[in-house]
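Quick note: the sequence shown, position 95, residue 95 per this note's numbering, numbers continuous.
All residues carry an ideal CB built from backbone N, CA and C; glycine is no exception.
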Amino acid sequence: MPNLTLWGATTSRTIRGHWALRELGLDYRCEPILSRNGDTQTARYTALNPRQKIPTLVDDGFVITESAAIVAYLSATYGTDANRLVPTDPRQRARYDEWVSFILTELDATSLYVVRRHLGLPQIYGAAPVAVEAAFAYFQRQIATVAATLDDDRPWLMGDRFTGADILLATCLTWAARLDQPLAPSLTAYMHRATARPAYIAAEAANQPAFWNRTP
Ligand SMILES: N[C@@H](CCC(=O)N[C@@H](CS)C(=O)NCC(=O)O)C(=O)O
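Structure follows, in structure tokens:
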């Protein structure tokens, strides 16, 4: 019986861990801490993650941070032929890594997180309208290549099988949709397909602190 605790709730990065855990059918506990309210700065949490960021996963004393690494670790450790989230074939794995690098660097860090910092959190990172406009334009250029990939009617980014790359991409798309970014029909259909998965619906509920703080 795994001894899993996921730290973090409410954000587009934290839901990735919840989603992977639920796709893999794993039981886990959660410490539903939040960002920027002091929760990540406590001595207890800093000992786990000195970068003071969420999410962090603890598996029986093994600590792993970074949302994409958490998804990959869970799949490698607990995935089965039926529900594995990361391919094992070397070329499929290379394709998976290619997508993950693209999503994390070009869509998340370089586009959406720039907007988050300079539009959503100006009191911390400074208002920067030019950077925000450029980040939105860059997101549109990059996401157009994903739309073209999905235009061949594949259900998931890598084809017929749902993978961790879908967790990462879909959480970027829901983030972009909340920012009112226009999305091509193939992207919208894909996002709806992903967010209709029972594991996503369960993860969205689990990504809220109230889910864990409720009395039985
Ligand atoms: N690359 C990291 C990003 C983690 C991250 O930036 N988390 C934000 C919340 S979405 C956070 O912890 N912010 C707290 C802070 O900056 O103080 C991942 O994907 O896990």
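Not one heavy atom of ligand 1 falls within 8 Å of the beta-carbon of E106. Going by beta carbons, T14 and I54 fall inside the 9 Å limit. At a cut-off of 8 Å, the beta-carbon of A184 does not count as near ligand 1: no heavy atom of the ligand is closer than that. Contact holds between the region 156 to 171 and the region 91 to 100, because three or more Cβ pairs, one in each stretch, are under 8 Å apart. Distances taken from the Cβ of E66 to the heavy atoms of ligand 1 include one shorter than 8 Å. Counting only the Cα atoms, D27 lies some 22 Å from Y45. Shortest gap from the CB of G25 to any heavy atom of ligand 1: 8 Å or more. Residue pairing from DSSP places W7 in a beta bridge opposite E31, T56. For T171, the three-state secondary structure derived from DSSP is helix.
The continuous beta strand (DSSP E) containing F62 extends over residues 62 to 65. G17 has no beta-bridge partner at all, per DSSP. The Cβ atoms of R36 and S67 do not sit closer than 9 Å to each other. Note on T105: under 16 other CB atoms within 10 angstroms of its CB, so exposed under the neighbour-count rule.
At a Cβ-Cβ threshold of 9 Å, F136 and Q181 count as neighbours. Contact between A165 and I103 is confirmed by a C-beta separation of about 7 Å, below the 8 Å threshold.
At a cut-off of 4 residues, the continuous stretches assigned as alpha helix (DSSP H) that sit fully inside the region 103 to 171 are 122 to 125, 129 to 150. Y125 has its alpha-carbon roughly 33 Å from the corresponding atom of R29.
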